[in-house]
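In this note's numbering, the protein residues as written are 62 to 679.
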């Protein structure tokens, strides 16, 4: 007979030890039974937090077996009570507080939070609501002239979405510029900064991103964007083109508290943060805490990409989880006053709320870029991305099977197809044939095998092992733990060495034949560190889709598991395929692929509702 206790669930691998010991701590502190309602609820709150939820939506779990996501449900799964009984039982505990309380668990409406995550969500809500206003004192005439110089009128009476997004970012204290690959987010923000410097040449600007890789890409993109802007020679040198990680910007990692926080705010007038979809709720809370109230915050990102690895889906919450954006009548009046769009063009584009309707304030802060300059309307990757993003799995599968720059590969007898390893061998043999490490790094960065899972026959660990074995069998690499030509990905932040989680490098001999780890720099020759200095790392022939965020590759081979898996969602598939510029192969089971395209990331949080978006019923 299975042990129905929380300890039994932990011992059978259905409940992580962290969740069990947190539940035991709460139950003992409150004088409650070790397997009673409070303990089970605490374990569930901890488990869902590990899975990315900010809170437990009690209505979604009421009356159902709990801990199903941790393993196969069985007869020993605790059954959640109905919502009313659940709320009453939790409210009676001294270790469950109400909004704003210091208790380890917080009950707010029908949501149960780990206490600190309620405070993170509240902090982000309050900070964003306070910033969703127009900037005062702008020179509207100069702004309109700047928009005309930077975004020549189309002459068709249609909307230039980059121009609209730039106008929103230039006129509001908080803004989001969101769009898919190739829509021009970075070029747009360079023009925004030119507009702001035109208003005030002395403003202090900084660029940041969640990871070292994303920060390097942002700096590189801004440098490229500056070369495409003409007529602002006196202003462009004042636009920074070096970005840091958010952790480094805040001074995290050198003590219990970030160096920059409310008591010691960042000395900035404008902060641009790229790859905002990767920012989790705690990090966003710390970032907002460190920003002075008057500092502009501009977030760049693709709202359709995967959410952060840790808890929260902040960018999705801010932008309404894929809903159409409708601007308020007041916002439209401001945009038309400064010439962001021709009169009536926004109404014709159906992005204006009807008279009398009040859209969420967050909607007026969002500029959505709708035209991709990387993927043409006829191109396979662009069409595939649109089909996946719309949840049209069958259409996406037909596109893949039609070929061109995209292709489909069935799993072979339910196993990983040899075609994947053949694909990797063909592409990775090229960088291994180079004699110069800079050229090898550049060629390595062109292609990558991506996977949805970390472990299992279709996971990154298996792929890395099998690719290395094939390369060794063909004489491209030697065996061993560390060897020349091995690509590596750093998995921790090391502030002293200056390498961060997600940085990708290559083991390569130096001029004296000593094996070192080399990492690309945005400009100049790559830097190297000794193997002794190299932080914790893993092979990087294959990466998870999560770890690939922020990357731009020529070719991608995306491996999906054979069976349906909750990890495989339209956001994951979309993110994987849009890492590629030129070609994509997707390997999987047709039925599981279609189901994945229909599934969406659904993280329990109240942030979207608190920012004014209607609740999504699941």
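All residues carry an ideal CB built from backbone N, CA and C; glycine is no exception.
Other residues of its chain near residue i: CB distance less than 6 Å, five sequence neighbours each side excluded
i, result
"residue 351", "311, 321, 322, 326, 327"
"residue 579", "498, 566, 567, 569, 587, 589"
"residue 681", "Residue 681 cannot be examined here, being either before or after the span of the chain that is shown, 62 to 679."
"residue 72", "none"
"residue 392", "425"
"residue 642", "615"
"residue 610", "339"
8 Å CB neighbourhood of residue i in its chain, flanking five on each side removed
i, result
"residue 152", "168"
"residue 562", "272, 273, 551, 552, 553, 554"
"residue 539", "533, 545"
"residue 97", "88"
"residue 147", "98, 102, 119, 123, 141"
"residue 460", "441, 444, 445, 448, 467"
Cβ-Cβ distance between residue i and residue j below 7 Å
i, j, result
"residue 551", "residue 598", "yes"
"residue 275", "residue 341", "no"
"residue 446", "residue 638", "yes"
"residue 633", "residue 513", "yes"
"residue 251", "residue 231", "no"
"residue 519", "residue 477", "yes"
"residue 380", "residue 427", "yes"
"residue 106", "residue 99", "no"
"residue 501", "residue 548", "no"
"residue 636", "residue 606", "yes"
"residue 249", "residue 226", "yes"
"residue 212", "residue 221", "yes"
"residue 373", "residue 115", "yes"
"residue 165", "residue 176", "yes"
"residue 4", "residue 279", "Only positions 62 to 679 of the chain appear in the structure, and residue 4 is not among them; the question remains open."
"residue 358", "residue 337", "no"
"residue 668", "residue 182", "yes"
"residue 416", "residue 389", "no"
"residue 623", "residue 475", "yes"
"residue 363", "residue 541", "no"
"residue 324", "residue 293", "no"
"residue 289", "residue 452", "no"
"residue 386", "residue 348", "no"
"residue 680", "residue 84", "Outside the modelled stretch of the chain, which goes from 62 to 679, sits residue 680, for which no answer is possible."
"residue 346", "residue 117", "no"
Under the three-state DSSP convention, the category residue i falls into
i, result
"residue 450", "helix"
"residue 462", "helix"
"residue 666", "coil"
"residue 238", "strand"
"residue 528", "helix"
"residue 606", "helix"
"residue 588", "strand"
"residue 131", "Low confidence applies here, because residue 131 scores a pLDDT of 44, under 50, leaving its location unreliable and the question unanswered by this model."
"residue 564", "coil"
"residue 147", "helix"
"residue 62", "At residue 62, the pLDDT of 45 sits below 50, so the modelled position is not reliable and the matter cannot be decided from this model."
"residue 615", "strand"
"residue 457", "helix"
"residue 594", "coil"
"residue 648", "strand"
"residue 657", "helix"
Same chain, Cβ closer than 7 Å to residue i, neighbours up to 5 away in sequence not counted
i, result
"residue 134", "Caution is warranted here: a pLDDT of 45 is assigned to residue 134, below 50, making its placement in the model unreliable, and the coordinate value is therefore given only provisionally. Here the set comprises 126."
"residue 195", "232, 233, 395"
"residue 679", "Only weak support exists for where residue 679 lies, its pLDDT of 46 falling under 50; the value from the coordinates is given anyway. So the qualifying residues of the chain are 121, 663."
"residue 245", "223, 430, 434"
"residue 203", "259, 260"
"residue 132", "Bear in mind that a pLDDT of 43 at residue 132, under 50, signals an unreliable position, so the model cannot answer this."
"residue 201", "398, 399"
"residue 401", "208, 224, 225, 228"
"residue 594", "558"
"residue 264", "257, 258, 330, 331"
"residue 505", "492, 548, 567"
"residue 403", "218"
Below-7 Å beta-carbon distance, residue i vs any chain D residue
i, result
"residue 168", "Of the protein chains in the structure, only one exists, and it is not chain D."
Next item on the list: Quick one: which unbroken beta strand (DSSP E) runs of 3-plus residues sit fully inside the segment 358 to 444? Chain order, please.
Entry: 427 to 430
Note to self: Closer than 8 Å is the cut-off here; do at least three beta carbon pairs connect the segment 456 to 472 with the segment 489 to 501?
What the structure shows: no
Notebook entry, point to check: Is there contact here, the segment 459 to 468 with the segment 638 to 651, by at least three beta-carbon pairs under 8 Å?
Noted result: Yes: the two stretches touch, three or more of their Cβ pairs being nearer than 8 Å.
Notebook entry, point to check: Is the segment 649 to 659 in contact with the segment 611 to 621, if contact means three or more CB pairs nearer than 8 Å?
Noted result: yes
Margin query: Please give me, in chain order, every unbroken run of the alpha helix (DSSP H) with length at least 4 that falls completely inside the segment 154 to 202.
Written below: 176 to 192
Notebook entry, point to check: When the Cβ atoms of the segment 291 to 311 are set against those of the segment 363 to 377, are three or more pairs found closer than 8 Å?
Noted result: no
Next item on the list: Starting from the N-terminal side, write out each stretch of the alpha helix (DSSP H) that is 4 residues or longer and does not extend beyond the segment 248 to 336.
Entry: If only complete runs of 4 or more residues are kept, the segment 248 to 336 shows the alpha helix (DSSP H) at 273 to 288, 307 to 311, in order along the chain.
Item checked: Secondary structure, alpha helix (DSSP H): runs of 4+ residues fully inside the segment 465 to 498 -> 479 to 493
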